[in-house]
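Have a look at the structure below, then the notes.
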Amino acid sequence: MSTLLPAVGVSCFGRGRRLQLLGQPAFWLFVAILAAAGVATLRQQSIFRDISPSGWLLAWTLMIVYALPIFVVVFTVDLFERESIPLVIAALLWGGIAAAALAAIANRGWALAFARIAAPDFASEWTAALVAPGVEETLKLCGVVLIYLMARREIRDLLDGFVYGAICGLGFSVVEDVFYFMGVFGGRPVAVLQGFFLRIVAGGLYGHLLYTGLSGMGVAYFATRKGKTSALRRISVAGALVLLGMFAHFLWNSPWLDLFRHRPWSLVDLIVVAFAAVVEAMPFVLFVVLTVVLARRREARWLGADMETEVDGQALLPGELEVLRSPRLRREAVRDMHRRAGPRAAALLKRLQRMQIDLAMVRSWAETDDDPALMSQRAYCRSLRDALSAVPAAAPASR
Amino acid sequence: MVALGELMQASASVQAKREGGWLPVLAVLVVIVAVTMGGYVTAGALSKPAGPPLVIANSVRISPLSGWQVGQEGRVGDFVGLRLTRGDASLDVLTAQVATSREMLLADYVRNSLEPQARSLSVSQSVKEMSVDSGLAGLRISYVGAFGDRSSQGEGEVTAVVSESGTGVIFDAWGPAGLFGYSVGDTRKMIQTSEIM
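Written out as structure tokens, the structure reads:
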């Protein structure tokens, strides 16, 4: 199997890629802000734990149970390329620690300023809607921008931006919700459950994850369309996506959608609130799903365009490109291989498919056809194919 | 292959240096600082006394900041005074003609005025020293509790100051739990600049 391992330094892209973070100024700013905000976050969590240890533990347990599957879904939304794990974790930490802590400070300051210019009643009712979206979306967006500045090659298409943005929003949402459970709903286990139902079960899909996912797509559009579209169009589209995320946040915070005004609620109230929240959230959720689906299709077309020149180059055989473009066909091919030639051959085919997708990614940024990274990735694909061919009954590697 | 690996690393290193640069990072830092602190700077710039100072019970002169409205006059236990409001937040400025000390005044207000109004009340253990601009020293505590028929929690802070002539002044600033923080800067500033006669 040792012949199948990529050579040292070859896999600068894909599963073994290396991030050159230490030399990046953005990395150091990221770390400095994260460290300072981390102290504030620990202090706040310590206060919450003192209020009600059992409530605090329940709040975190519920949020982790809620966040884990969402994390997995967002992380795997990009079918053709898994994002860098360290950067995804960085996005999560920025959202949950840096953006959340800074937003707590900033929201208070801008609320004070808003109260100076608005009538008291209006300020009381609209501060959350008019202050928080701008503040919170900007601070989360700064995290995505810093991630881009740290590792520009990691954001190559809209889906990359969506993933980093959504994960950042997810981190923010988790910490913010724990704050609400403990600080607003009261912190006792029953209150935490009530808060979880209203903020997560009823409205969980429509939240920071989607707002920042859209903003992240804006950053990705601006970053990846350089040289392909005019600067005006890049700024317009990116700005529109960011503003759309802010607008959705504004809608959710506005008194128009304030479903939690009168407490305590009866069981019927809770059901009505949950139903109303889901119905009101649906248009935006559908819009984001549609955007992601379109981005995935675009990515599939782009994959095909980039890889057509690789067909017959031994890294990719005729017929394999079609399989590669469809996750369903890829899975079927692996299952078919498993039936015909056993689990080892199926695992080899699966790895070959992944490396072929990585080849497409390398191809997208390689400046010349004989780029060393491109050549090594081709060689690695070939070595996998040779290994697969050596397995009895594995001969037709694809449909 | 080793040479190829070294070439790749060198290439990546060059690429990293090319990608680096402080300008965009500084731009991000400026945005973060502006968003985080800009509100306070703006609020400070907009914060100014609105209208002439109010004189309450011939004992205290206070200048409401912009956005604050004068509410009703009233009595709480042995205290008489005036309420200033901004949205859900309020500042009750109350006077007692005879006060022996700040400590007694504060304890008296909490025991005889605050507690009877509360269904539940939790007062901070620590008592903070403060002083108004005219030099008089005061004491401050914070509290959370449920008051009247409101279902939600309220929070606030009480400041007690005694003038040289023995007039006691209580400043009770309060609002809904979680939202009071938006107003505490204002209430502290109005207390700070008040004049105890």
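Sequence order for the protein chains is A and B. Start counting the first sequence at 6; every next residue gets the next number (our numbering). Start counting the second sequence at 1281; every next residue gets the next number (our numbering). Where is the CB? At the ideal position from N, CA and C, for every residue including glycine.
Beta strand (DSSP E) segments (min. 3 residues) lying fully within the segment 1335 to 1418 of chain B: 1340 to 1342, 1349 to 1356, 1359 to 1366, 1369 to 1376, 1398 to 1403 and 1408 to 1411
CB contact below 7 angstroms: A392 (chain A) versus chain B: Along the first sequence, one-based indexing puts residue 392 (chain A) at 387. No, A392 (chain A) lies away from the interface with chain B (no Cβ there is under 7 angstroms from its Cβ).
Contact check, A243 (chain A) vs G223 (chain A), beta carbons under 7 angstroms: Residue 243 (chain A) sits at position 238 when you count from the first residue of the first sequence. Residue 223 (chain A) sits at position 218 when you count from the first residue of the first sequence. Yes. Within cutoff.
C-alpha gap between W65 (chain A) and S51 (chain A), whole angstroms: Taking the first residue of the first sequence as 1, we reach residue 65 (chain A) at position 60. Taking the first residue of the first sequence as 1, we reach residue 51 (chain A) at position 46. The straight-line gap from Cα to Cα measures roughly 13 angstroms.
Neighbouring residues, chain A, relative to G1361 (chain B) (Cβ below 9 angstroms): By 1-based counting over the second sequence, the position of residue 1361 (chain B) is 81. In chain A, no part has a C-beta under 9 angstroms from the C-beta of G1361 (chain B); the shortest such distance is about 20 angstroms.
Pairwise C-alpha distance: R1420 (chain B) and A1387 (chain B): Taking the second sequence and counting its residues from 1, the one referred to as residue 1387 (chain B) is at position 107. Taking the second sequence and counting its residues from 1, the one referred to as residue 1420 (chain B) is at position 140. Taking the straight line joining both Cα atoms gives about 11 angstroms.
Reduced DSSP secondary structure (H/G/I, E/B, other) of E1444 (chain B): For the purposes of this step, residue 1444 (chain B) is identified with residue 164 of the second sequence, where counting begins at 1. Here E1444 (chain B) sits in coil by DSSP.
Per-residue burial, W99 (chain A) [other beta carbons within 10 Å of its own, 16 or more giving buried]: As a first step, residue 99 (chain A) is located in the first sequence; it is residue number 94 there, counting from the start. Buried, because 16 or more other Cβ atoms sit within 10 Å of the Cβ of W99 (chain A).
Simplified DSSP assignment, three categories, for P397 (chain A): Translated into positions along the first sequence, residue 397 (chain A) becomes position 392. Coil.
Per DSSP, the bridge partner or partners of V316 (chain A): The residue labelled residue 316 (chain A) in the question sits at position 311 within the first sequence. For V316 (chain A), which the question treats as bridged, DSSP gives the partners A:L321.
Near-chain D residues of the segment 152 to 177 of chain A (beta-carbon distance less than 7 angstroms), N- to C-terminal order: Here the protein chains are A and B, and chain D is not one of them.
The segment 1400 to 1419 of chain B: positions lying closer than 8 angstroms to chain A by Cβ: Of all residues in the segment 1400 to 1419 of chain B, none has a Cβ within less than 8 angstroms of some Cβ in chain A.
Anticipated Cβ contact below 8 angstroms, L214 (chain A) with G174 (chain A), distance rounded: For the purposes of this step, residue 214 (chain A) is identified with residue 209 of the first sequence, where counting begins at 1. For the purposes of this step, residue 174 (chain A) is identified with residue 169 of the first sequence, where counting begins at 1. Between the beta-carbon of L214 (chain A) and that of G174 (chain A) there is about 4 angstroms, and that keeps the pair under the 8 angstroms contact cut.
Per-residue DSSP class, three states only, for I160 (chain A): In the first sequence, counting from the first residue as 1, residue 160 (chain A) sits at position 155. Under the three-state reduction of DSSP output, I160 (chain A) falls in the coil class, being neither helix nor strand.
Chain-ordered chain B contacts of I122 (chain A) [CB-CB under 7 angstroms]: Counting from one through the first sequence, the residue named residue 122 (chain A) turns up at place 117. Those within 7 angstroms of I122 (chain A) in chain B are L1326.
V1315 (chain B) versus A:N112, A:A124, A:Y216 and A:G188, residue with shortest Cα-Cα distance: If you number the second sequence from 1, residue 1315 (chain B) lands on position 35. The residue with the shortest Cα to Cα distance from V1315 (chain B) is A:N112.
beta-carbon G1318 (chain B) near the ligand MG non-hydrogen atom, thresh 6 angstroms: Of the ligands one can find in the structure shown there are none, so the ligand MG has no counterpart to examine.
Element boundaries [alpha helix (DSSP H), containing R340 (chain A)]: Against the first sequence, residue 340 (chain A) aligns to sequence position 335. Note, R340 (chain A): alpha helix (DSSP H), P332 to A346.
Straight-line Cα distance separating E141 (chain A) from A95 (chain A): For the purposes of this step, residue 95 (chain A) is taken as residue 90 along the first sequence, with counting starting at 1. For the purposes of this step, residue 141 (chain A) is taken as residue 136 along the first sequence, with counting starting at 1. The straight-line gap from Cα to Cα measures roughly 17 angstroms.
Any chain B beta carbon closer than 7 angstroms to R193 (chain A): For this step, residue 193 (chain A) is matched to residue 188 along the first sequence. No, R193 (chain A) does not count as interfacial toward chain B.
DSSP bridge partner residues for G1461 (chain B) (one or two, in chain order): Taking the second sequence and counting its residues from 1, the one referred to as residue 1461 (chain B) is at position 181. Its beta-bridge partners do not exist; DSSP assigns none.
C-beta neighbour in chain B for S7 (chain A), strict 7 angstroms: On the first sequence, residue 7 (chain A) is found 2 positions in, with the first residue counted as 1. Bear in mind that the predicted position of S7 (chain A) carries a pLDDT of just 36, short of 50, making it unreliable; the figure below should be weighed with that in mind. No, because no Cβ of chain B sits closer than 7 angstroms to the Cβ of S7 (chain A).
Any C-beta of chain A under 7 angstroms from that of L1309 (chain B): Here residue 1309 (chain B) refers to the residue found at position 29 when the second sequence is read from its first residue. So yes, L1309 (chain B) belongs to the interface.
Reduced DSSP category for I1476 (chain B) - H, G, I as helix; E, B as strand; rest coil: Numbered from its first residue, the second sequence carries residue 1476 (chain B) at position 196. Here I1476 (chain B) sits in strand by DSSP.
Residues in the segment 221 to 237 of chain A having any Cβ partner in chain B nearer than 8 angstroms: none
is_contact[S129 (chain A), chain B] using C-beta, thresh 7 angstroms: Looking up residue 129 (chain A) in the first sequence gives position 124. So, interface residue.
Cβ-based burial, T1380 (chain B) [other Cβ within 10 Å; buried from 16]: Translated into the one-based positions of the second sequence, residue 1380 (chain B) becomes position 100. T1380 (chain B) is exposed by the Cβ-count criterion.
Contact between the segment 187 to 203 of chain A and the segment 154 to 166 of chain A (3+ Cβ pairs under 8 angstroms): no
Close Cβ partners of L146 (chain A) (< 6 angstroms) along its chain, the five nearest in sequence each way excluded: If you number the first sequence from 1, residue 146 (chain A) lands on position 141. Cβ neighbours of L146 (chain A) beyond the five flanking positions: S220.
Cβ-based neighbour list, R158 (chain A), same chain, cut-off 7 angstroms, excluding 5 preceding and 5 following: For this step, residue 158 (chain A) is matched to residue 153 along the first sequence. Excluding positions up to five away in sequence, the list reads W370.
Beta-carbon separation (whole angstroms), V197 (chain A) vs L63 (chain A), contact threshold 8 angstroms: In the first sequence, residue 197 (chain A) corresponds to position 192, counting from 1. In the first sequence, residue 63 (chain A) corresponds to position 58, counting from 1. Going by Cβ atoms, the distance from V197 (chain A) to L63 (chain A) rounds to 5 angstroms, so yes, they are a contact pair.
Sequence-distant residues of its chain with Cβ nearer than 8 angstroms to K1328 (chain B) (five each side left out): Taking the first residue of the second sequence as 1, we reach residue 1328 (chain B) at position 48. Excluding positions up to five away in sequence, the list reads L1345 and S1346.
Residues that S1422 (chain B) bridges to, as DSSP identifies them: One-based indexing of the second sequence puts residue 1422 (chain B) at position 142. DSSP output for S1422 (chain B) lists B:E1437 as bridge partner(s).
Chain-ordered neighbours of W115 (chain A) on chain B, where CB pairs are closer than 9 angstroms: Your numbering for residue 115 (chain A) matches position 110 in the first sequence. V1315, G1318, G1319, Y1320, T1322 and A1323, listed in chain order.
DSSP state of D375 (chain A) mapped onto helix, strand, coil: As a first step, residue 375 (chain A) is located in the first sequence; it is residue number 370 there, counting from the start. Coil.
Straight-line Cα distance separating A45 (chain A) from L97 (chain A): By one-based count along the first sequence, residue 97 (chain A) stands at place 92. By one-based count along the first sequence, residue 45 (chain A) stands at place 40. Approximately 17 angstroms between the Cα atoms of the pair.
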